[in-house]
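Note that numbering that gives the first Met the number 0 has the first sequence beginning at 0, numbered continuously upward. What follows is a single structure, written as structure tokens, with notes after it.
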Amino acid sequence: MIFSEILIFWYNKNKRELPWRNTKNPYFIWLSEIMLQQTRVAQGMSYYLKFTENYPTISHLANASETEVLKMWQGLGYYSRARNLHHTAKYISHELNGKFPSTFKEIIALKGIGDYTASAIASICFDEPTAVVDGNVYRVLARYFGIETPINSTAGIKEFKELAQSLLDKTQPGTFNQAIMDFGAIVCKPQNPLCDGCPFSESCVALQRNLTKDLPLKEQKIKVKKRYFNYLVVITDDDKTILTQRNDKGIWQGLYQFPLIETNKSVNEKELISSKEFIDLLPEETTISLFNPKEIIHKLSHQHLYTHFWIVETSSNQHAKILWKTIQNFPVPVLIANFLAQFELKK
DNA sequence: GACCCGTGGTA
DNA sequence: TTACCAAGGGT
């Protein structure tokens, strides 16, 4: 049997039942693919259900505000996915008469959709023979064929795409694509792959040469930066606070947070309240206390945030316009959400 | 082409 | 604890 036949035979017997698996509705497939970018099924599942319930069609999504969409996305990370999703929903709704494009070429032109996602949607929804190459595909092919080209190199990206395309079952591209990803997620896992009983065990190069643990190869990644965050949690006598939206480039774009004073090292109370940012924001008399003496280290993919939350009590402040009890309506990073949960407990 | 973008699970 | 990395894409 050829590669695709073995693979699809395995898939038909072992595939996972997922909410987006029994539909060709491009909106649902699109939504699931965006959510699952760099995200495990278990993590994205509840978000998918929540989105499809609240936004059953592209039009519903298009008519929501960006802040509402971000709030629903809160906790899933990589928030540009949500912003681009919303942007493209509006584009399809307003410029394309609500009709999702039906070819790879048109689909990949949409914001937030790259080669992988366009291939997935085109193959699953429209039976266009375009092979997906995601982390699973890199791993399965690198091991089975014993390929040592780094998967994050230009040469590797090209080589694996062409190989996947050559293996694709053109008569059922959507099934093939989902099969190879499911196989990678269930059998040919990153760690402790289930080589015993694997349908490819007789011809897998990595297994025969004991290279399973070494493949796929990846060029080394970049280092993590340290940053020092001081959040000013202002509380006025009439229970108001200050929230600001992150609109600059960088992390958490579009999300809300407390006023932030970033320093190049950990600072104490004296240093904090004598800083220009603090005085500009809170010129009046305040009572300040440190909420977490032990700094919280919030780890992102490319930076570690050493964070202190400072509780700043004041009778009133001209910037404090957010009623404390309405904070829950704002999309916030997990770092802030975790603080709020802790803070409510201690209040 | 290098770098950036979140969060959570696993060993 | 650290390191890896998961249905990638944008700039």
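The beta-carbon is built from N, C-alpha and C at its ideal position, and this holds for glycine as well.
So, are the CB atoms of residue i and residue j less than 9 Å apart?
i, j, result
"Val347", "Leu210", "Nothing can be reported for residue 347, as the shown portion of the chain is limited to 0 through 346."
"Leu281", "Val233", "yes"
"Trp19", "Thr116", "no"
"Ile120", "Ser92", "no"
"Gly111", "Arg142", "no"
"Arg208", "Glu261", "no"
"Val139", "Cys194", "no"
"Phe228", "Leu299", "no"
"Leu60", "Ala88", "yes"
"Lys169", "Asp114", "no"
"Tyr77", "Gln36", "yes"
"Glu268", "Ile287", "yes"
"Asn135", "Gly183", "yes"
"Tyr90", "Leu69", "no"
"Phe144", "Glu127", "no"
"Gln252", "Arg15", "no"
"Ile123", "Lys23", "yes"
"Tyr230", "Thr306", "yes"
"Gln171", "Ile5", "no"
Where does the unbroken beta strand (DSSP E) through residue i begin, and where does it stop?
i, result
"Val331", "Val331 -> no beta strand (DSSP E), and no H or E assigned at all."
"Ile106", "Per DSSP, Ile106 belongs to no beta strand (DSSP E); it is in the alpha helix (DSSP H), 103-107."
"Ser288", "286-289"
"Lys225", "224-235"
"His297", "295-298"
"Glu201", "That residue, Glu201, is in no beta strand (DSSP E); it is neither H nor E in DSSP."
"Val311", "302-313"
"Glu261", "259-262"
Using the Cβ count rule (16 or more neighbours within 10 Å means buried), how would you classify residue i?
i, result
"Val131", "buried"
"Gln256", "buried"
"Arg39", "exposed"
"Leu167", "buried"
"Thr129", "buried"
"Gln73", "buried"
"Leu259", "exposed"
"Thr174", "buried"
"Asp133", "buried"
"Ser315", "exposed"
"Glu32", "buried"
"Ile1", "exposed"
"His301", "exposed"
"Pro106", "The sequence given here places Ile at residue 106; Pro does not occur at that position. Under this definition Ile106 is a buried residue."
"Ala340", "exposed"
"Ile335", "buried"
"Ala41", "exposed"
"Ser202", "exposed"
"Ile349", "Since the first residue shown for the chain is 0 and the last is 346, residue 349 is missing from the structure and cannot be characterised."
"Pro292", "exposed"
Ends of the alpha helix (DSSP H) at residue i?
i, result
"Val40", "40-53"
"Glu94", "79-94"
"Trp72", "65-72"
"Pro18", "Careful: Pro18 lies outside any alpha helix (DSSP H) and carries neither H nor E."
"Ala141", "134-144"
"Asn62", "57-62"
"Asp181", "172-185"
"Trp409", "Nothing can be reported for residue 409, as the shown portion of the chain is limited to 0 through 346."
"Asp279", "275-280"
"Phe99", "No alpha helix (DSSP H) holds Phe99; DSSP gives it neither H nor E."
"Leu162", "153-166"
"Glu32", "25-34"
"Leu271", "268-272"
"Cys124", "114-125"
Report back the beta-carbon spacing between residue i and residue j to the nearest angstrom; my notes put them in contact at under 8 Å.
i, j, result
"Glu312", "Ser265", "Actually they do not touch by this definition, with Cβ atoms about 23 Å apart."
"Trp309", "Leu344", "With 8 Å as the limit, Trp309 and Leu344 do not qualify as a contact, their Cβ atoms being about 18 Å apart."
"Trp9", "Pro189", "The pair is not a contact, with the Cβ atoms about 19 Å apart (cut-off 8 Å)."
"Phe99", "Tyr54", "Not really, about 14 Å apart at Cβ, beyond 8 Å."
"Glu75", "Tyr46", "Glu is not the amino acid found at residue 75; the sequence shown has Leu there. Confirmed, Cβ separation roughly 5 Å."
"Phe342", "Phe290", "7 Å"
"Asn13", "Ile185", "7 Å"
Answer yes if the region 210-223 comes into contact with the region 141-158, meaning at least three C-beta pairs across the two stretches below 8 Å, and no otherwise. With the rule of 3 Cβ pairs closer than 8 Å, the region 141-158 counts as touching the region 210-223.
For the region 236-246 and the region 175-192, state whether three or more C-beta atom pairs, one from each stretch, are separated by less than 8 Å. They do not touch, by the three-pair rule.
contact_flag[the region 320-328, the region 280-299] where n(CB pairs < 8 Å) is 3 or more: The region 280-299 and the region 320-328 do not touch, with fewer than three beta-carbon pairs separated by less than 8 Å.
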